[in-house]
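Structure record follows, encoded as structure tokens.
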Amino acid sequence: MSADAAERGYIHGNALALGEKGLLLRGPSGAGKSALTLALLARFQLQGDFARLVADDRVRLEALGGGRLVARPHPAIAGMVEIRGAGLLRLPYEYCCIIQGVVDVAAPGANPPRLPEEADKSVTLKGIALPRLQVRGCDDVSVARIGFFVQSIMTN
């Protein structure tokens, strides 16, 4: 099997299960997706909520019936998350989750719009419309925004 065939179906991003919701983080390399993943896992676990890594760096997305989007890790790196400057850390992980929200992490130096247009508050992946949030990178404000975003999609 060629390298292209092995990577087919995977996107560059992270997936995690927070409470009962699956979250997909997307963004360019170096934007802070892995750091945000670790910060969100810590925040939710400290609150006593369920929080698990699903995938770091490579995520396979598959549309299922009923408008569900499933995220799975790449088997070669399942359960591992990169800590820039330290290498790979092995964490407990879930084999899959149903994605119910998307966070787009801006490239370093870029800022997402302060008041996004209504069309920018959702994204369609594999034919499934999902709520979307744009954040600046891994900082306390972004972690808080994502926390509130996850709470808002939990009530919908």
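First residue of the sequence shown? That's 1 in the UniProt record's numbering, and the numbers climb one at a time after it.
Backbone N, C-alpha and C define an ideal beta-carbon position, used for all residues, glycine too.
Backbone secondary structure at residue i - three-state DSSP
i: A55; result: strand
i: G127; result: coil
i: A35; result: helix
i: L25; result: strand
i: A63; result: strand
i: A110; result: coil
i: residue 160; result: The structure shown does not extend to residue 160, since the chain is modelled only from 1 through 156, so no value can be given for it.
Paired residues, beta bridge with residue i - DSSP
i: C97; result: A71
i: R132; result: V102
i: M80; result: R90
i: I11; result: V59
i: A17; result: G22, R52
Given residue i as reference, the closest of the options once Cα atoms are compared
i: G107; options: L18, I153, L25, A17; result: It is Ala, not Gly, that sits at residue 107 in the sequence shown. Ranking L18, I153, L25, A17 by Cα distance to A107 puts L25 first.
i: V103; options: L46, F50, R8, G147; result: G147
i: D139; options: I128, L40, R90; result: L40
i: A42; options: V150, A63, L61, V143; result: V143
i: G22; options: I153, I99, V141; result: I99
i: C97; options: A51, R145, A119; result: A51
i: I77; options: Q45, V141, Y93; result: Y93
i: I128; options: G65, V81, E82; result: G65
Given 8 Å as the limit, is there contact between the segment 60-77 and the segment 28-37, that is, 3 or more CB pairs closer than that?
-> No, because fewer than three Cβ pairs between the segment 60-77 and the segment 28-37 fall closer than 8 Å, the two stretches do not touch.
Do the segment 12-26 and the segment 53-61 meet, that is, are 3 or more Cβ pairs less than 8 Å apart?
-> The segment 12-26 is in contact with the segment 53-61.
Does the segment 85-94 come within contact of the segment 110-124, defined as at least 3 CB pairs closer than 8 Å?
-> The segment 85-94 is not in contact with the segment 110-124.
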